[in-house]
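Everything below concerns the one structure shown next.
In full-length UniProt numbering, the protein residues as written are 1 to 89.
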């Protein structure tokens, strides 16, 4: 099963889960996760269901291709990291 890992930057706002899923693509995996953790959705996706500008997702070490469709395929052993992009100077 693919493994979704929400990094601790989001932990400032809520308990962050680690989720196993048999979803075939990123959107389906996120939807399944948000069904169990609805509050998390607003920190990751905007009102249109697109990835928020300050959130980055990596699948098996590669950045997710499309922040709107979120249709990247997941392999059974994929590691998906969801994190807030940090800025500052």
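Ideal Cβ positions, reconstructed from N, Cα and C, are used throughout, including at glycine.
So for residue i, helix, strand or coil by DSSP?
| i | result |
| --- | --- |
| residue 51 | strand |
Apart from the five residues just before and just after residue i, which ones in its own chain have a Cβ nearer than 7 Å to its Cβ?
| i | result |
| --- | --- |
| residue 29 | 2, 4, 21, 23, 74, 80 |
Does any residue of chain B bring its CB to less than 8 Å from the CB of residue i?
| i | result |
| --- | --- |
| residue 19 | Of the protein chains in this structure there is only one, and it is not chain B. |
Indicate whether residue i and residue j have their beta-carbon atoms separated by less than 8 Å.
| i | j | result |
| --- | --- | --- |
| residue 18 | residue 83 | no |
| residue 70 | residue 26 | yes |
Starting from the C-beta of residue i, find all residues in its chain whose C-beta is less than 6 Å away, skip the five residues before and the five after it, and write them out in chain order.
| i | result |
| --- | --- |
| residue 58 | 81 |
| residue 78 | 2, 59, 60 |
What does the Cβ neighbour count give for residue i, buried or exposed, with the cut at 16 atoms within 10 Å?
| i | result |
| --- | --- |
| residue 6 | buried |
Original post:
Can you give, in chain order, each stretch of the alpha helix (DSSP H) that sits fully within the stretch 1 to 29 and has at least 4 residues?
Top reply: none
**OP:** For the stretch 54 to 88, list the alpha helix (DSSP H) runs that are entirely contained and at least 4 residues long, ordered along the chain.
**Re:** none
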